[in-house]
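Student:
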Amino acid sequence: MAKTTLMAKKAELEREGRTAAAFDRRMEEIASELEQTAGTITEFDEVTVRQLVSNIKVVSKDTLLICFKDGTEITQTI
């Protein structure tokens, strides 16, 4: 029984390691994209938005909560 528990724990840790590595790669891709983007964004770029924004929540009929992948949240009035 102890061996089975240890094997399950090992498998879980390996999955977490792969997830962490994938997250690190994704963050490097986002950083690279931001470095290539000029200081000022002058037009809508769907690729950049998808790389930076996690989700957008409707707070009220005229307010949005924009959640970025880094944890930053911005309230935007329409």
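Under this note's numbering, the first residue of the sequence shown is numbered 74, with each subsequent residue one higher. For each residue, glycine too, the CB sits at the ideal point set by N, CA and C. All of these numbers come straight from a predicted model, not from anything done at the bench.
Hey, how far is the Cα of Ile129 from the Cα of Leu137?
Tutor: The residue given as residue 129 occupies position 56 in the sequence shown. The residue given as residue 137 occupies position 64 in the sequence shown. Answer to the nearest angstrom: the Cα atoms are 7 Å apart.
Student: List the endpoints of the continuous beta strand (DSSP E) containing Lys142.
Tutor: For this step, residue 142 is matched to residue 69 along the sequence shown. Neither: Lys142 is in no beta strand (DSSP E) and is coded neither H nor E.
Student: I need the DSSP call for Ile129, collapsed to helix, strand or coil.
Tutor: By one-based count along the sequence shown, residue 129 stands at place 56. Ile129 falls in the strand class under three-state DSSP.
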